[in-house]
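What follows is a set of notes on a single structure, which appears directly below.
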Amino acid sequence: GENVEQHPSTLSVQEGDSAVIKCTYSDSASNYFPWYKQELGKRPQLIIDIRSNVGEKKDQRIAVTLNKTAKHFSLHITETQPEDSAVYFCAASRGSGNTPLVFGKGTRLSVIA
Amino acid sequence: GAVVSQHPSWVICKSGTSVKIECRSLDFQATTMFWYRQFPKQSLMLMATSNEGSKATYEQGVEKDKFLINHASLTLSTLTVTSAHPEDSSFYICSARDSLANYGYTFGSGTRLTVV
Numbered sequence: 362g363e364n365v366e367q368h369p370s371t372l373s374v375q376e377g378d379s380a381v382i383k384c385t386y387s388d389s390a391s392n393y394f395p396w397y398k399q400e401l402g403k404r405p406q407l408i409i410d411i412r413s414n415v416g417e418k419k420d421q422r423i424a425v426t427l428n429k430t431a432k433h434f435s436l437h438i439t440e441t442q443p444e445d446s447a448v449y450f451c452a453a454s455r456g457s458g459n460t461p462l463v464f465g466k467g468t469r470l471s472v473i474a
Numbered sequence: 032g033a034v035v036s037q038h039p040s041w042v043i044c045k046s047g048t049s050v051k052i053e054c055r056s057l058d059f060q061a062t063t064m065f066w067y068r069q070f071p072k073q074s075l076m077l078m079a080t081s082n083e084g085s086k087a088t089y090e091q092g093v094e095k096d097k098f099l100i101n102h103a104s105l106t107l108s109t110l111t112v113t114s115a116h117p118e119d120s121s122f123y124i125c126s127a128r129d130s131l132a133n134y135g136y137t138f139g140s141g142t143r144l145t146v147v
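Written out as structure tokens, the structure is:
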């Protein structure tokens with residue numbers, strides 16, 4: 362089955378700096394790669410996703426890149442703000458309706474004002 | 032957008048009792064529901080995949096006789112934790128895919144289970 366590795370497990374950045382979180386996946390059939398932000402005790406919140414037919418996607422300060430050959434994808438947050446502090450999870454899945462998301466272990470991002 | 036309603040949001044139960052968690056898809060039909068468990072400061076771990084009208088598929092290490100899953104309709108899946116023990120205390124969350132929303136995943140709000 363799919364295995365998703367995520368690094369780093371913790372990340373501290375100064376406000377205004379950029380943050381990068383990286384993930385690798387094992388299943389070459391995976392074609393959907395979302396990123397989630399989760400606050401304590403709440404459901405994961407989708408912040409951006411990418412499908413395997415594109416290499417990069419951007420939404421304001423957030424971008425995701427995908428390298429299918431190397432089987433890795435990354436989350437980039439620019440101009441970080443204190444409210445970006447949270448736990449971020451990457452995930453991967455195949456395209457069919459009955460395949461689950463497999464999550465990375467998460468990254469705790471702290472943005473220091 | 033697609034909404035999955037999960038109840039209860041939190042529950043405290045005594046050791047040895049059973050607890051049922053419900054997930055309903057409110058505006059779409061969920062032929063498949065995924066159940067995850069999340070321990071403090073850990074990731075979401077898939078427990079089982081629930082299919083409407085058929086038996087659930089459990090991940091390795093998850094006891095199917097302890098975590099009973101029923102998916103009797105296209106809008107309702109339930110997870111029953113039987114004979115709960117303190118080590119079952121966790122955050123349980125369901126997820127479904129909405130075929131009408133380009134197969135995005137929708138999550139329930141989660142259930143915080145505490146077994147005392």
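Line order of the protein sequences matches chains A and B.
Take 362 as the starting number for the first sequence in our numbering and just add one per residue.
Take 32 as the starting number for the second sequence in our numbering and just add one per residue.
Beta carbons are placed, not taken as given, at the ideal position from N, Cα and C, and that holds for glycine.
Cα-Cα separation between Asn392 of chain A and Lys45 of chain B, rounded to whole angstroms: 43 Å
Close Cβ partners of Gly465 of chain A (< 8 Å) along its chain, the five nearest in sequence each way excluded: Val365, Glu366, Gln367, Cys384, Phe450, Cys451 and Ala452
For the putative contact between Phe59 of chain B and Leu77 of chain B, defined by C-beta atoms under 8 Å, what is the C-beta separation to the nearest angstrom? Rounded, the Cβ-Cβ distance is 21 Å, inconsistent with contact.
When you compare the CB of Leu144 of chain B with every CB in chain A, is at least one pair closer than 8 Å? no
What does Thr141 of chain B reach in chain A if we use C-beta pairs closer than 8 Å? Correcting the residue identity first, residue 141 of chain B is Gly in this sequence and not Thr. Correct list: Gly402, Lys403 and Arg404.
Am I right that Gln69 of chain B and Cys125 of chain B are in contact with their C-beta atoms under 8 Å? What's the rounded C-beta distance? That pair is no contact at about 12 Å.
So is the beta-carbon of Val448 of chain A under 7 Å away from any non-hydrogen atom of the ligand ADP? Here there are no bound small molecules, and the ligand ADP is not part of this structure.
Leaving out the 5 sequence neighbours to the left and right, which residues in its chain are closer than 7 Å to Leu144 of chain B when beta-carbon positions are compared? Val42, Val50, Val112, Asp119, Ser120, Ser121 and Tyr123
How close, in whole Å, do the beta carbons of Ser56 of chain B and Ala103 of chain B come, if the pair is a contact with beta carbons under 8 Å? Actually they are not in contact, since the Cβ atoms of Ser56 of chain B and Ala103 of chain B sit about 13 Å apart, beyond 8 Å.
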